[in-house]
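Counting from 362, one number per residue, gives the positions in the sequence shown under this note's numbering. What follows is a single structure, written as structure tokens, with notes after it.
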Amino acid sequence: MVASVLELIFNGVAYGVVLFLIACGLSITMGLMGFTNLAHGSIVMFGGYLVVALMKNFGWPFLATIPAAFVVCALVGPPSSVCCFAACTPPVN
């Protein structure tokens, strides 16, 4: 009983920290760029799906998938950002 309560508390705090980090990232981009960059959340979701896919489909251990997802998201993020900004930004005369 005590172990399940401690596990519940730990999982709640861990989930809260993840939400806090996502919110901080959105807050920083809003403050610096002046608009809400929703691509931040999509990159986080892509990383989450990548972690699950690596664990279920390829049998990777959880602690090995986190750095792999971080590296893949770091490599995918800048090109996708450039493509999105190029599509949304009007040409300068």
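Cβ atoms here follow ideal geometry from the backbone N, Cα and C, with glycine treated the same way.
- Within the same chain, Cβ atoms closer than 8 Å to the Cβ of M416 are found at P422, F423 and T426, the five residues on either side in sequence being excluded.
- Just so you know, the alpha carbons of G408 and A375 end up roughly 17 Å apart.
- Between V412 and A430, the C-beta gap is smaller than 8 Å, which places the two residues in contact.
- In the structure shown, P451 adopts coil according to DSSP, grouped into three states.
- When DSSP states are grouped into helix, strand and coil, M406 belongs to the helix group.
- DSSP places M362 outside any alpha helix (DSSP H), giving it a letter other than H or E.
- About 38 Å separates the CB atoms of S365 and A400; that is not less than 8 Å, and the two are not in contact.
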